[in-house]
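Below is one structure, written out as structure tokens; comments come after it.
Now the structure itself:
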């Protein structure tokens with residue numbers, strides 16, 4: 730019984746340690762992003778020595794992020810099925826063979842569209858747009874036509890709605906870089922919209938909400954050990 734209690738206490742202490750470490754890491758990451766939002770002006774082609782990969786920049790365009798190994802996400806139908814019933818009579822023609830007279834009044838029901846990865850390639854995020862360039866497809870989401878940015882919670886991808894495209898599409902990335910990709914998309918849009926101050930204020934609000942673990946109290950000094958008694962006086966003579 731005593732051993733079980735000690736193990737439960739050890740597990741609880743480990744959970745607290747992990748949670749505290751996560752809060753420390755989150756605070757450090759937010760500090761990093763706030764500093765980046767305050768100081769990073771975007772990169773030009775000259776800043777990158779002209780190495781912009783397969784992307785071409787337009788006049789005044791600055792890069793706020795470039796990512797490899799991303800996927801293009803677009804809605805695709807998952808098929809469908811016929812629903813309804815047939816009407817008419819069935820006339821036997823021969824043994825085991827029947828002919829139906831009449832028509833079906835069923836109808837085909839299409840399944841809802843499902844976000845599907847249809848290509849893999851590179852993504853560039855700038856103060857003017859987000860661009861995907863893959864082996865089969867190319868897509869551009871212009872900030873001037875942007876109506877929504879949705880960082881999805883069901884998977885590491887961002888859906889971007891634009892007024893010149895009926896269906897919403899977006900880009901998929903890996904979990905390890907999700908925070909950076911989403912930050913740079915939001916940051917670049919804030920630059921376009923001239924709302925960087927509001928964007929930074931939002932980050933600062935998130936940072937203020939992070940509860941850091943209390944510092945461990947300094948150990949109290951142990952009671953001073955009394956000095957040893959002085960040696961006896963040397964004999965005289």
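Numbering (this note's numbering), first residue to last: 730 to 966. C-beta: ideal position from N, C-alpha, C; glycine also.
Quick one, which of 885, 884, 794, 905 has its alpha-carbon nearest residue 852's? Nearest option by C-alpha distance: 794.
| message | Please identify the residue among 781, 757, 791, 782 whose C-alpha is closest to the C-alpha of residue 773. | response | Residue 791 is the option with its Cα nearest to residue 773.
Practice task
Within its chain, find whatever has a CB closer than 8 Å to the CB of residue 911; leave out the 5 residues flanking it on each side and keep chain order.
Solution key: Excluding positions up to five away in sequence, the list reads 880, 887.
What's the gap between the Cα of residue 899 and the Cα of residue 905?
In a straight line, the C-alpha of residue 899 is about 18 Å away from that of residue 905.
**Message:** So, with DSSP's three-state summary, where would you put residue 922?
**Reply:** Secondary structure at residue 922: coil, using DSSP grouped into helix, strand and coil.
Going by Cα to Cα distance, which pick from 877, 855, 734 is closest to residue 921?
855 is the residue among 877, 855, 734 whose C-alpha sits nearest the C-alpha of residue 921.
_Spatial neighbours of residue 935 within its chain, please: C-beta separation below 8 Å, excluding the five flanking residues on both sides._
Apart from the 5 residues on each side of it in sequence, residue 935 sits with its Cβ closer than 8 Å to the Cβ of 759 in its chain, given in chain order.
| request: Go through its chain and collect everything with a Cβ distance to residue 865's Cβ below 8 Å, but skip five positions before and after it. | output: Counting only residues of its own chain and dropping the five nearest sequence neighbours on each side, residue 865 has a CB closer than 8 Å to the CB of 847, 848.
For this session: Pick helix, strand or coil for residue 747, following the three-state DSSP scheme.
Result: Here residue 747 sits in helix by DSSP.
### Query
Out of curiosity, what's the CA-to-CA distance linking residue 941 and residue 744?
The alpha-carbon separation between residue 941 and residue 744 amounts to approximately 15 Å.
*Nearest to residue 868 by CA position, among 768, 884, 908, 891, is which residue?*
For residue 868, the nearest C-alpha among the options comes from 891.
Among 909, 778, 918, nearest to residue 710 - alpha-carbon criterion
The requested residue 710 is not part of the displayed model; the chain covers only 730 to 966.
Original post:
Leaving out five residues before and five after residue 927 in sequence, what residues of the same chain have Cβ atoms less than 8 Å from its Cβ?
Top reply: Hits under 8 Å: 919.
### Message
Once the 5 residues before and after residue 924 are set aside, which same chain residues still bring their CB inside 8 Å of it?
### Response
Answer for residue 924: no residue qualifies.
- Message: Restricting to Cα atoms, I'd like to know which of 771, 754, 863 is closest to residue 789.
- Response: When 771, 754, 863 are compared, the shortest CA-CA separation from residue 789 is found for 771.
- Starting from the C-beta of residue 842, find all residues in its chain whose C-beta is less than 8 Å away, skip the five residues before and the five after it, and write them out in chain order. Hits under 8 Å: 804, 805, 806, 807, 896.
Buried or exposed, going by whether 16 or more other CB atoms sit within 10 Å of the CB of residue 903? By the 10 Å Cβ count, residue 903 comes out exposed.
In three-state DSSP terms, what is residue 782? The answer is coil: DSSP assigns residue 782 none of H, G, I, E or B.
Terminal residues of the beta strand (DSSP E) in which residue 798 lies: Unbroken beta strand (DSSP E) run through residue 798: 792-806.
Check your understanding: So, using beta-carbon positions, are residue 862 and residue 784 closer together than 8 Å?
Key -> Residue 784 is positioned such that its CB atom lies closer than 8 Å to that of residue 862.
Name the DSSP beta bridge partners of residue 888, please?
Beta bridge pairing from DSSP links residue 888 with 879, 899.
query: In its own chain, which residues sit with a C-beta less than 7 Å from the C-beta of residue 735, not counting the 5 before and 5 after it?
result: Hits under 7 Å: none found.
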